[in-house]
DNA sequence: CCATATTGCATAGCAGGCTATCCATATAAG
DNA sequence: CTTATATGGATAGCCTGCTATGCAATATGG
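Structural data, given as structure tokens:
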């Protein structure tokens, strides 16, 4: 009874995620972006002015992780944090003009990575792959 | 034309990998193991006495990443590094008795994580899921 | 044989995950 | 109102990725 890592969903998930991150990094680094920043931008392009708490919920990362990522994004001129009118604990995260300008090229890069990644799947599999990932994610979240 | 992260294979891959890592961590931390150490042990249980270079090739991580992981494993009493008889640059990585004793409980934990993760897939999908991940991995490696 | 290139490994420094704490502010209970 | 609890965020410290360097030892070409 050997445990074969190449048949282990968990091991393959880690390997696949590292390769996705590397592929995305290669394409968005020229824009001055990193993958962790990109996923925050995805939410802010959809709705600007979210709080850190909103972002934590939508991206399912820990609050401390988000705080650090936002620090780097502020440092890099992608966001500004403004006081919330009603709650002095909260800070609204707002996109800079620079971050707004990156939406088209960055999402194009991500779309291309996804296309290349799924290129070897049959059209049927390709369509169902995201649903399968979602099902696994749902199962693991339930386990938590 | 919005980019929906919940349909993006790359975003889902990252999310899934984080959840897998968390699920595995919960089960192997009581054994004194972390996920990065577990994948090294998988190779050493199969063949003890590999060099760092061997491990880098088999696990597809960078040499610096492996050097740091091996440092932590040595610190934690999981491995010892012995000089290579023929090449004074290389060091053979050898399991301690403690690491050998962890094979059964750790692989059981990983097997259970995989089973839970795939529980919501149909039996057919469940069988094909690892192959699909392998196909995506192959495509991304070719893109690299 | 000697100079050069290659290889095996270590280290520094960064990103992005995490847990554990702490602080300030809001909210709820009495 | 006052106290207690809950919430939003910051910070410290760890693990696991990465790139970039540097060093010592081996292999290779003349």
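Residue numbers (the UniProt record's numbering), protein chains in the order written: chain A, 1 to 144; chain B, 1 to 144. Think of the CB as a built atom: it goes at the ideal place given N, C-alpha and C, for glycine as much as any other residue.
| Asked | Found |
| --- | --- |
| Chain B within 9 Å of residue 141 (chain A), Cβ atoms only | yes |
| Which of helix, strand or coil DSSP assigns to residue 93 (chain A) | strand |
| Nearest to residue 108 (chain A) (by Cα), restricted to the options A:38, A:128, A:61 and A:69 | A:38 |
| Length of the line joining the Cα atoms of residue 124 (chain B) and residue 115 (chain B) | 14 Å |
| Near-chain A residues of the region 121-134 of chain B - C-beta to any C-beta below 7 Å | 121, 125, 129, 130, 132, 133 and 134 |
| Option nearest residue 3 (chain B) by Cα separation, candidates A:80, A:45 and A:126 | A:45 |
| Start-to-end residues for the alpha helix (DSSP H) that takes in residue 73 (chain B) | 63-75 |
| CA nearest to the CA of residue 113 (chain B), picked from B:16, B:92 and B:9 | B:16 |
| Contact set between residue 137 (chain A) and chain B, taken where Cβ atoms lie within less than 8 Å | 12, 15, 16 and 19 |
| Residue 59 (chain A) to residue 133 (chain B) span [Cα, whole Å] | 23 Å |
| Interface flag, residue 96 (chain A) vs chain B, CB-CB below 9 Å | no |
| Own chain residues within Cβ distance below 6 Å of residue 34 (chain B), not counting five before or after | none |
| Contacting residues, own chain, Cβ-Cβ under 8 Å from residue 9 (chain B) (five flanking each side not counted) | 136 |
| Where residue 34 (chain B) meets chain A, residues with beta-carbon distance less than 7 Å | The premise fails here: residue 34 (chain B) is roughly 12 Å from chain A at the closest Cβ pair, so nothing lies under 7 Å. |
| Residue 80 (chain A) (DSSP reduced to helix, strand or coil) | strand |
| Residue 12 (chain A) to residue 88 (chain A) span [Cα, whole Å] | 44 Å |
| Residue span of the alpha helix (DSSP H) that contains residue 130 (chain B), given as start and end | 123-143 |
| Between the CA atoms of residue 80 (chain A) and residue 99 (chain A) - distance to the nearest angstrom | 10 Å |
| For residue 12 (chain A), the three-state DSSP class (helix, strand or coil) | helix |
| Alpha carbon of residue 19 (chain B) to alpha carbon of residue 83 (chain B), nearest angstrom | 38 Å |
| Extent of the continuous alpha helix (DSSP H) to which residue 39 (chain A) belongs | 35-46 |
| Cβ of residue 144 (chain A) within 9 Å of any chain B Cβ | yes |
| Nearest-angstrom beta carbon gap, residue 24 (chain A) and residue 40 (chain A) [assumed within contact, 8 Å] | Residue 40 (chain A) to residue 24 (chain A), Cβ: 14 Å. No contact. |
| Whole-number beta carbon distance between residue 36 (chain B) and residue 92 (chain B), since they are thought to touch under 8 Å | At roughly 20 Å, the Cβ-Cβ gap does not stay under 8 Å, so residue 92 (chain B) and residue 36 (chain B) are not in contact. |
| Three-state secondary structure assigned by DSSP to residue 50 (chain B) | strand |
| Beta-carbon proximity check, residue 77 (chain A) vs residue 51 (chain A), cutoff 9 Å | no |
| Rounded straight-line distance, which links the Cα of residue 43 (chain A) to that of residue 67 (chain A) | 15 Å |
| Reduced DSSP secondary structure (H/G/I, E/B, other) of residue 102 (chain B) | coil |
| Whole-number beta carbon distance between residue 64 (chain A) and residue 14 (chain B), since they are thought to touch under 8 Å | So it is not a contact: roughly 18 Å between Cβ atoms. |
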